[in-house]
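Trainee:
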Amino acid sequence: MSIITTVVGSYPTRSYEAESFNDKITKSLGLFDPYKQSIINSVKAFVEADIDIICDGQVREDMVKIFASKINGFRIEDNTTFINGKITPAPHPISVKDFKIAFKIAHSLNSQFKLNAPLEDIFNHEAKGVKGILTGPTTLIHSSMIENFYSSRENAIYDIAKALLVEAKELEKAGACAIQIDEPFISTGVEDINVSRTGVEIISEELDIPVILHVCGDLKDVLPDLLKFNVDILDFEFSGMPQNIGALKKAWSSNINKYIGIGCVNTRLDEVDKIEDVRNTVCNVKDIIKSDKLIIDPDCGMRTLTTDLSEGKLDLLKTIKGEDI
Ligand SMILES: [Zn+2]
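Note that this note's numbering has the sequence shown beginning at 10, numbered continuously upward.
#1: What's the C-alpha gap between Ile96 and Thr90?
#2: Per DSSP, what kind of secondary structure is Tyr167 in: helix, strand or coil?
#3: Using 8 Å for Cβ pairs, my map puts Leu325 next to Asp282. What's the rounded Cβ distance?
#4: Which partner residues does Asn50 have in the DSSP bridge list?
#5: If you follow the alpha helix (DSSP H) that Lys258 is part of, which residue opens it and which one closes it?
#6: To the nearest angstrom, how far is it from the Cα of Glu156 to the Cα of Thr148?
#7: Of the choices Ala187, Ile49 and Phe245, whose alpha-carbon is the least far from that of Cys225?
#8: In three-state terms, what does DSSP make of Glu28?
#9: Looking only at its chain, what residues have a beta carbon closer than 6 Å to the beta carbon of Glu176, apart from the 5 residues adjacent to it on each side?
#10: Given 8 Å as the limit, is there contact between the segment 190-197 and the segment 111-123, that is, 3 or more CB pairs closer than that?
#11: For Val2 versus Cys273, is the C-beta spacing smaller than 9 Å?
#12: If you scan the segment 101-173 from start to end, which runs of the beta strand (DSSP E) of 3 or more residues do you find wholly inside it?
#13: How long is the line joining the alpha carbons of Gly331 and Asp317, rounded to whole angstroms?
#14: Using a 10 Å radius around the Cβ and a threshold of 16 neighbouring Cβ atoms, would you call Pro100 buried or exposed?
#15: Taking 6 Å as the limit between beta carbons, can you name the residues of its chain near Ile114, skipping five residues before and five after?
#16: Could you name the residues of the same chain whose beta carbon sits closer than 7 Å to that of Asp42, not counting the 5 residues immediately before and after it, in chain order?
#17: Ignore the nearest five residues each way along the sequence and tell me which others in Pro247's own chain have a CB closer than 7 Å to its CB.
#18: In angstroms, rounded to a whole number, what distance separates the CA positions of Asn133 and Lys178?
#19: So Ile298 is in the alpha helix (DSSP H); what residue range does that whole segment cover?
#20: Does Asn275 pass the burial test, meaning 16 or more other C-beta atoms within 10 Å, or should it be called exposed?
#21: Within 10 angstroms of the Cβ of Ile334, are there 16 or more other Cβ atoms? Answer buried if so, exposed if not.
#22: What is the DSSP secondary structure of Val56, counted as helix, strand or coil?
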């Protein structure tokens, strides 16, 4: 087994204000770049960089609106998301069409891409897969204002988790090799970690394909709890948040049977990272977990970077994978 690569695909949402600002940027960029073509461009770049688990690039809308605009119980006004009723599943799949476009393009470029590619085959470099990405229950609810129906966020988190599970099952049925749940808000401590955990596990425990939980930011207060979440793969930001290596060292124990996704390329850095920095990050994490269950990826999404810079950063992953460290 040797290291495999993936991309995070999502845009990190750290505060309500930043969300509205990003929303405007995304919207204006969208005018210049048609959606389908953006998926195709993303997939081509991922395949070119020999990424083993790709996604559709998550190019349409920001990570909150893409779900809040389709799932029942939300309304969006002036780039603000409100919860105005009982949250129930979207009437139609949200991202399955984009998943299918991504798979079709990837498979046409490299026949190693297979539907529902088993993780073992991907690690053996016998297959590649496309994953589905969901914005997590805690992040979606804490990015929204409760206007009606819910007296606390806790029950809203459980209801959105049930709605997201329906979407996850559709993606699984369509051929996703894994489901990634993006929960940037967990590291902020904004929610009781046990509530966040229940929200994630409402989804993860009902799926047959591997579940990846992506949490970015400073993990020192939450990492011991995250290691107990019932998911297969934990994906963390290490390059832009090197203190997470220390937090992992403190919390890790040899009986933890999880894959670790190492965010080893800094997506906030406005230049291609130095290869020795990337290598050091990977080696430092590998020294701690002492296993081959490693996936390397950029810290977070690359939406704000230029095409050249994104490609340069993806190439770093290809180089590290080739070194088989
Ligand atoms: Zn992130």
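Virtual Cβ for every residue (Gly too), placed ideally from N, Cα, C.
Note that the coordinates shown come from a computational prediction; the quantities given were computed from them, not determined experimentally.
Mentor: Result, derived from the coordinates:
#1: Rounded to the nearest angstrom, the gap between the Cα atoms of Ile96 and Thr90 is 13 Å.
#2: It is helical.
#3: The C-beta distance from Leu325 to Asp282 rounds to 6 Å, short enough to meet the 8 Å contact threshold.
#4: Bridge partners of Asn50: none, in fact.
#5: Its alpha helix (DSSP H) spans residues Gln252 to Ala260.
#6: Our two residues, Glu156 and Thr148, have alpha carbons roughly 17 Å apart in a direct line.
#7: Ranking Ala187, Ile49 and Phe245 by Cα distance to Cys225 puts Phe245 first.
#8: In this predicted model, Glu28 has a pLDDT of only 46, less than 50, meaning its place in the structure is not dependable; the value taken from the coordinates is given anyway. Reduced to three states, the DSSP call for Glu28 is helix.
#9: Take Glu176, set aside five residues on each side of it, and the residues of its chain with a beta-carbon closer than 6 Å to its own are Ile103, in chain order.
#10: In short, these stretches do not touch, since the Cβ pair count stays below three.
#11: Nothing can be reported for residue 2, as the shown portion of the chain is limited to 10 through 334.
#12: Counting only runs of 3 or more, we get 141-144 and 153-155.
#13: C-alpha separation (whole angstroms): 21 Å.
#14: With a threshold of 16 other beta carbon atoms within 10 Å, Pro100 falls short and is exposed.
#15: Only Ile49 and Val52 meet the Cβ criterion.
#16: For Asp42, the predicted structure reports a pLDDT of 37, less than 50, and the residue's modelled location is therefore unreliable. A value from the coordinates is still provided. In its chain, beyond the 5 residues on either side, no residue has a beta carbon closer than 7 Å to the beta carbon of Asp42.
#17: Per the sequence shown, the amino acid found at residue 247 is Phe instead of Pro. Taking C-beta separations shorter than 7 Å and ignoring five residues to either side along the sequence, the partners of Phe247 in its chain run Asn253, Ile254, Ile271, Gly272, Cys273, Thr290 and Val294, following chain order.
#18: Just so you know, the alpha carbons of Asn133 and Lys178 end up roughly 26 Å apart.
#19: Counting along the chain, the alpha helix (DSSP H) containing Ile298 begins and ends at Ile284 to Ile298.
#20: Burial call: buried.
#21: By the neighbour-count rule (16 or more Cβ atoms within 10 Å), Ile334 is not buried but exposed.
#22: In this structure, Val56 counts as helix in the three-state DSSP scheme.
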